[in-house]
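K.L.:
First, the structure itself, so that you have it in front of you.
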Amino acid sequence: MADWTSWSSRYGENSPGRAKGTREPLGLDFTVDSLGPSVLESLLPVQSSIRSLAGMANFGASLGAMSVGQRNVVASTPLMLEYGVTNRLTLGVMVPFVTAHAEVDLRMNPTGREATVGLNPARRTSAAATTDLSLVSAFDAASNALNARVTTCTNTPTLPACSGFSTAAAASLVSRTGAMMTALSALYGGRTNPGAVFVPVAGSAAQAAIETRLAGLRSEFSSFGNTIATLAPIGAAPLTAHDVATLLGDSLYGLNAKPIAGSITRGIGDIELSAKFLLVDPYRGDIAAQRATAGFKWRQSVGAVYRIATGTTDLTTDFTDLGTGNHQRNIGVRSWTDLLWGNQFWMTIAARYDRQLADALTRRITDASHPIAPSYREQKVTRDLGDIAELSVTPRWSLNEWVGIAAQYLVRTKGADSYSGTFTTTDLNGAPVTLDASVLNQETQWREQRLGFGLSYSTLTAYDRGQARMPYEITWMRTVSASGTGGNLPVAAQDLIQLRWYGRLFGRR
Numbered sequence: 000m001a002d003w004t005s006w007s008s009r010y011g012e013n014s015p016g017r018a019k020g021t022r023e024p025l026g027l028d029f030t031v032d033s034l035g036p037s038v039l040e041s042l043l044p045v046q047s048s049i050r051s052l053a054g055m056a057n058f059g060a061s062l063g064a065m066s067v068g069q070r071n072v073v074a075s076t077p078l079m080l081e082y083g084v085t086n087r088l089t090l091g092v093m094v095p096f097v098t099a100h101a102e103v104d105l106r107m108n109p110t111g112r113e114a115t116v117g118l119n120p121a122r123r124t125s126a127a128a129t130t131d132l133s134l135v136s137a138f139d140a141a142s143n144a145l146n147a148r149v150t151t152c153t154n155t156p157t158l159p160a161c162s163g164f165s166t167a168a169a170a171s172l173v174s175r176t177g178a179m180m181t182a183l184s185a186l187y188g189g190r191t192n193p194g195a196v197f198v199p200v201a202g203s204a205a206q207a208a209i210e211t212r213l214a215g216l217r218s219e220f221s222s223f224g225n226t227i228a229t230l231a232p233i234g235a236a237p238l239t240a241h242d243v244a245t246l247l248g249d250s251l252y253g254l255n256a257k258p259i260a261g262s263i264t265r266g267i268g269d270i271e272l273s274a275k276f277l278l279v280d281p282y283r284g285d286i287a288a289q290r291a292t293a294g295f296k297w298r299q300s301v302g303a304v305y306r307i308a309t310g311t312t313d314l315t316t317d318f319t320d321l322g323t324g325n326h327q328r329n330i331g332v333r334s335w336t337d338l339l340w341g342n343q344f345w346m347t348i349a350a351r352y353d354r355q356l357a358d359a360l361t362r363r364i365t366d367a368s369h370p371i372a373p374s375y376r377e378q379k380v381t382r383d384l385g386d387i388a389e390l391s392v393t394p395r396w397s398l399n400e401w402v403g404i405a406a407q408y409l410v411r412t413k414g415a416d417s418y419s420g421t422f423t424t425t426d427l428n429g430a431p432v433t434l435d436a437s438v439l440n441q442e443t444q445w446r447e448q449r450l451g452f453g454l455s456y457s458t459l460t461a462y463d464r465g466q467a468r469m470p471y472e473i474t475w476m477r478t479v480s481a482s483g484t485g486g487n488l489p490v491a492a493q494d495l496i497q498l499r500w501y502g503r504l505f506g507r508r
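If you use numbering that gives the first Met the number 0, the sequence shown corresponds to residues 0 to 508, in order.
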């Protein structure tokens, strides 16, 4: 058996400006016009500092525009072994070998003018740190010299050097300069402060406003005879896709995640153990009798499945990767009803219900619309995935004893997941925060309808008559999503190719 499932969109749930059930791109949650404090909380104190330092009350800190496109392809090769204990009871095991490929295209600041802040160069290069330190040191030295003159002229105003010297104006300049250098050091770096992780973009309005304030102070010092070298704090460059990888991966920024990029995950999926029992069989397993029958007949089977949590989930440190399974135990029941008219047409009505069992695992606790989650949100939570119910109707028509065609209608629903756990920690800005894992329940309940078409080739009838060397069936079925609701439900196309070979472990044909 081989199974290929691909999707690049999903059914929307609560996306702004979109109706429920609208198809939307997978990368929509990562696509923003402004990567600001609402997306990255560590920008909030930087925004406040820049507003004060630049004198811009309405300044908005933004790393710029980000666009992400994503297409997922999951290829599964399930190795299935079934053993007929009797002519009615069959036991089986299915081991899926999975390759999950996430194709991701990240574009950052396509025009180069969207960002107002970027990564602080002083936190990344010694040259920038030296320049910022030299700037602050130059103003501190001038302030110290002027403050010494204020002290001298206050104590001995009759000195020639104090003639026409305004101690009040000089003291005011020293005070204002000290406050600005403290703020400048906290933002860009200087004195003993390494600076914030983000600073205004070079050439931006905020950077220009700060440089204008420095020029004003420099001019005031010049009026007192103190010359300060013409230096400016080092502004940032607009973020690139490479910088986004740095932002995500460097522990300095608190995200501790892998780049938003393509990934391939290989491994074993969730293994299934199954049992199937044939309740009603008017043909008693006789293929020749089935081919010779006219009129209406029906056949009924039931089954049970136990899924072992052998698959791997997506990584908490990778926001776009795929796992090889849910790593979730569940128990399920199955029903297959075959309705047969003559020897050429029959229809299978299949029903499935899976009860998913609770477990515990590590997740980053964040709501569905904010997938870029800092690492402090990573906690071990209790999980109980929603149960799944499915019903399919598959009519089949045998063109001859070898070839058949099929169609399929399938509807399935999934209940909401249930995550629990409450955690108290501190956010990236050092403020206390309480995390409630129930936020992970968002957009986990869904309903979908699918349509399919298939072909089959079988040697079973010919083998039963001694006209084929081996008994086997090859089937191909393609299904597509026709409609759905639920914010995390893929609009997926699936191709399934299945080879079934029938043989005896003991005895001869």
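We put the CB at the ideal spot given by N, CA and C, even for glycine.
For C152, I'd like the list of residues in its chain whose CB is within less than 6 Å of its CB, leaving aside the five on either flank, ordered along the chain.
P.N.:
Once the five neighbours on either side are set aside, the close Cβ partners of C152 are C161, F164, T166.
K.L.:
Could you pull out every residue in the same chain whose Cβ sits closer than 7 Å to the Cβ of S142, ignoring the five residues on either side in sequence?
P.N.:
Counting only Cβ-Cβ distances below 7 Å, and skipping sequence neighbours, we find V173, T176, G177.
K.L.:
Hey, out of S75, G403, T336, whose CA is closest to N342's CA?
P.N.:
Nearest C-alpha to N342: G403.
K.L.:
Within a Cβ cutoff of 6 Å, which residues of the same chain sit near A236, ignoring the five residues on either side of it in sequence?
P.N.:
G117.
K.L.:
Pull up the DSSP beta-bridge partners for M79, would you.
P.N.:
Answer is M93, bridged to M79.
K.L.:
Does the pairing of the region 328-335 with the region 373-382 give three or more beta-carbon distances under 8 Å?
P.N.:
At 8 Å Cβ cutoff, the stretches do not touch.
K.L.:
What are the partner residues of F197, as DSSP defines its beta bridges?
P.N.:
Bridge partners of F197: L118.
K.L.:
Can you tell me whether D399 is buried or exposed? The criterion is at least 16 other CB atoms within 10 Å of its CB, across all chains shown.
P.N.:
The residue asked about is misnamed: residue 399 is Asn in this sequence, not Asp. Exposed, since its Cβ has fewer than 16 Cβ neighbours within 10 Å.
K.L.:
In the DSSP output, what is G189 paired with across the bridge?
P.N.:
Partner(s): N192.
K.L.:
Quick check: the Cα distance between P156 and G234, rounded to an integer number of angstroms?
P.N.:
Their backbone Cα atoms lie some 43 Å apart in a straight line.
K.L.:
Counting along the chain, where does the beta strand (DSSP E) carrying A481 start and finish?
P.N.:
A481 -> beta strand (DSSP E) spans 471-484.
K.L.:
For the beta strand (DSSP E) that F276 lies in, which residues bound it at each end?
P.N.:
F276 -> beta strand (DSSP E) spans 271-279.
K.L.:
Taking the straight line between their C-alpha atoms, what separation do you get for G253 and Y375?
P.N.:
Cα to Cα, G253 sits roughly 8 Å from Y375.
K.L.:
Per DSSP, what kind of secondary structure is P370 in: helix, strand or coil?
P.N.:
Coil.
K.L.:
Select from A357, Q497, T443, E271 the residue whose C-alpha is nearest the C-alpha of Y10.
P.N.:
The candidate whose alpha carbon is nearest that of Y10 is T443.
K.L.:
Taking the straight line between their C-alpha atoms, what separation do you get for G331 and V73?
P.N.:
One C-alpha to the other measures close to 23 Å.
K.L.:
Suppose you measure from the CA of L277 to the CA of D32; what does that come to, to the nearest Å?
P.N.:
Distance between the alpha carbons of L277 and D32 is about 58 Å.
K.L.:
Taking one C-beta from the region 317-325 and one from the region 259-272 each time, how about it: are there three or more such pairs within less than 8 Å?
P.N.:
With a cut-off of 8 Å, the region 259-272 and the region 317-325 count as touching, because enough Cβ pairs lie within range.
K.L.:
Quick one: what's G310 bridged to in DSSP?
P.N.:
Partner(s): none; G310 has no beta bridge.
K.L.:
Measuring straight from C-alpha to C-alpha, what distance separates W445 and L105?
P.N.:
Computed Cα separation, rounded: 28 Å.
K.L.:
Within its chain, find whatever has a CB closer than 7 Å to the CB of A357; leave out the 5 residues flanking it on each side and keep chain order.
P.N.:
For A357, where only same-chain residues beyond five positions count, the Cβ hits under 7 Å are T381, R382, D383.
K.L.:
With respect to the beta strand (DSSP E) encompassing P24, which residues constitute its N-terminal and C-terminal limits?
P.N.:
Here the beta strand (DSSP E) through P24 covers 22-24.
K.L.:
Check the C-beta distance from G451 over to M469 and give it rounded, since I have them as a contact under 8 Å.
P.N.:
So it is not a contact: roughly 27 Å between Cβ atoms.
K.L.:
In the DSSP assignment, find the unbroken alpha helix (DSSP H) run with P44 in it and report its ends.
P.N.:
Counting along the chain, the alpha helix (DSSP H) containing P44 begins and ends at 42-53.
K.L.:
For F223, which residues in the same chain have their Cβ closer than 7 Å to its Cβ, ignoring the five residues on either side in sequence?
P.N.:
L145, A169, listed in sequence order.
K.L.:
So, are the CB atoms of A121 and I496 less than 7 Å apart?
P.N.:
Going by C-beta atoms, A121 is not nearer than 7 Å to I496.
K.L.:
How many Å lie between E472 and H100 at the Cα?
P.N.:
Approximately 29 Å between the Cα atoms of the pair.
K.L.:
Starting from I209, follow its DSSP beta bridges and name the residues at the other end.
P.N.:
DSSP, once it has assigned bridges, lists no residue as partnering I209.
K.L.:
For the pair the region 105-114 and the region 57-75, tell me if three or more CB-CB distances fall below 8 Å.
P.N.:
Touching, per the Cβ criterion.
K.L.:
Just confirm the distance between the C-beta atoms of D366 and Q441, as a whole number of angstroms; I'd bet it's less than 8 Å.
P.N.:
Right, their Cβ atoms sit about 6 Å apart.
K.L.:
Please state the DSSP three-state secondary structure of G261.
P.N.:
Reduced to three states, the DSSP call for G261 is coil.
K.L.:
Between the region 206-214 and the region 76-90, can you find at least three pairs of beta-carbon atoms closer than 8 Å?
P.N.:
Too few Cβ pairs lie closer than 8 Å, so no.
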